[in-house]
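Residue numbers (our numbering): 681 to 808.
Here a beta-carbon is modelled for each residue, glycine too, at the ideal position from N, C-alpha and C.
Only a predicted model underlies this, so the values are computations on that prediction, with no experimental measurement involved.
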């Protein structure tokens, strides 16, 4: 969503499409979203649109990458032990069902389900 807003503001055609592609590629840790915004920034530089290129690189590094690599894990929590694709699917599903609150509710339900699944398949911990 952050990348789509930047693309729209900078006049990139099909900004919504690229935002969706960026959302799916953000599943790739560290470089996912950059696989979309960085080539667009290079295109801006090559085509002589220097200020758009500088703006996109600055926004990409300071906003998109930080949100993707620092903010999302803190908000959703790596302690839940959920893979990134499960976090994305449960976040989107939670928001579709519960609205903005689903951002937290979806991954929480998934983490509880996985915890119950592990307890039921492994059994309770044995006391020594």
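In the three-state reduction of the DSSP assignment, residue 692 falls in the coil class.
In the structure shown, residue 712 falls within a coil segment according to DSSP collapsed to helix, strand and coil.
According to the DSSP assignment, residue 800 belongs to the alpha helix (DSSP H) that extends over 782-802.
Sixteen is the threshold: when 16 or more other Cβ atoms of the shown chains lie within 10 Å of the Cβ of residue 744, as they do, the residue is buried. Collapsing the DSSP output to three states places residue 763 in coil. In its chain, beyond the 5 residues on either side, 732, 735, 736 have a beta carbon closer than 7 Å to the beta carbon of residue 690.
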